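Participant: Count along the sequence shown from 1, add 323, and you get the number used in the working numbering.
This is the structure I want to talk about, given as structure tokens.
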Amino acid sequence: MMRRDISHYLQPRFLLIFLVAIILVFLAFPNFQREEDKAEEVHEITHRVFLDVDIGEQRIGRLVIGLYGQVVPKTVGEMGTGANGKELHYKGVPFHRIISGFVVQGGDIAHGDGKGAESIYGGTFPDENFKVIQGMDTVYAIEGGAGTYNGKPRKKVVIADSGEIPMSKWDEET
């Protein structure tokens with residue numbers, strides 16, 4: 324008579340290990356959702372600002388940036404006067420970090436090197452979201468004309484002029 328052994332995979336110890344592994348997988352990836360369940364939020368652009376950019380002494384273009392006032396109220400509120408009473412603006416402020424194909428950073432009005440800028444709220448606040456509406460060609464020109472792999476610009480890149488675009492002129496800018 325032939326003895327029938329319990330399959331190796333049906334032994335209680337193996338089943339327990341398998342069950343624990345399945346639970347760990349579900350705990351590690353709790354945010355599985357179907358695509359139709361994910362509703363993408365659509366936010367309204369409430370303010371537009373411009374940055375005219377020079378490389379060396381040559382004007383290369385204008386960036387137009389849309390700000391989401393309901394989402395990034397502090398960024399929108401940065402226009403005006405700083406905590407020490409000085410007027411805040413980006414005219415003459417350099418782009419201090421330019422890595423081709425990755426990042427273009429600037430806006431440090433205090434030091435010009437990315438060590439930190441002054442906020443009208445005193446100190447700093449976390450980065451917020453915005454969208455470049457017009458001028459990606461200017462971003463690419465910055466990367467191509469001054470970008471490096473270590474981040475230090477090859478040429479001086481500065482914001483020659485900046486300001487808010489009145490809503491009545493939005494159609495003219497795009």
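Every residue gets a Cβ at the ideal spot worked out from N, C-alpha and C, and that includes glycine.
Predicted, not measured: the structure shown is a model, and the values here were computed from it.
Could you check if G415 is buried or exposed, using at least 16 other CB atoms within 10 Å of its CB as the buried criterion?
Facilitator: Indexing the sequence shown from 1 puts residue 415 at position 92. Exposed, by the Cβ-count rule.
Participant: Figure out for me which residue from I456, I482, K454 has the closest Cα to the Cα of I465.
Facilitator: The residue you call residue 465 lines up with position 142 of the sequence shown. The shortest Cα separation from I465 among I456, I482, K454 belongs to I482.
Participant: On the DSSP letters alone, give me the boundaries of the alpha helix (DSSP H) that D460 sits inside.
Facilitator: For the purposes of this step, residue 460 is taken as the residue at position 137 of the sequence shown. It spans 459 to 469 - the alpha helix (DSSP H) in which D460 sits, taken as one unbroken run.
Participant: For V376, which of E367, K438, G468 has the nearest alpha-carbon?
Facilitator: To locate residue 376, count along the sequence shown from 1; it is residue 53. Ranking the options by Cα distance to V376, first place goes to G468.
Participant: Do E487 and V395 have their CB atoms nearer than 8 Å?
Facilitator: Position 164 of the sequence shown, counting from 1, holds the residue named residue 487. Position 72 of the sequence shown, counting from 1, holds the residue named residue 395. No, they are not a contact pair.
Participant: When DSSP builds the beta bridges, which residues end up paired with H370?
Facilitator: Translated into the one-based positions of the sequence shown, residue 370 becomes position 47. Bridge partners of H370: L390.
Participant: Nearest-angstrom Cα distance between K454 and Y391?
Facilitator: Looking up residue 454 in the sequence shown gives position 131. Looking up residue 391 in the sequence shown gives position 68. For K454 and Y391, the distance between alpha carbons rounds to 8 Å.
Participant: Taking Cβ to Cβ, would you say Q428 is nearer than 8 Å to G439?
Facilitator: Taking the sequence shown and counting its residues from 1, one reaches residue 428 at position 105. Taking the sequence shown and counting its residues from 1, one reaches residue 439 at position 116. Not a contact, by the Cβ cut-off of 8 Å.
Participant: Which of helix, strand or coil does DSSP assign to A483?
Facilitator: Taking the first residue of the sequence shown as 1, we reach residue 483 at position 160. Strand, per DSSP.
Participant: Where does P396 fall in DSSP's three states?
Facilitator: On the sequence shown, position 73 is the one that residue 396 refers to. In the structure shown, P396 sits in a helix (DSSP, three-state: H, G or I).
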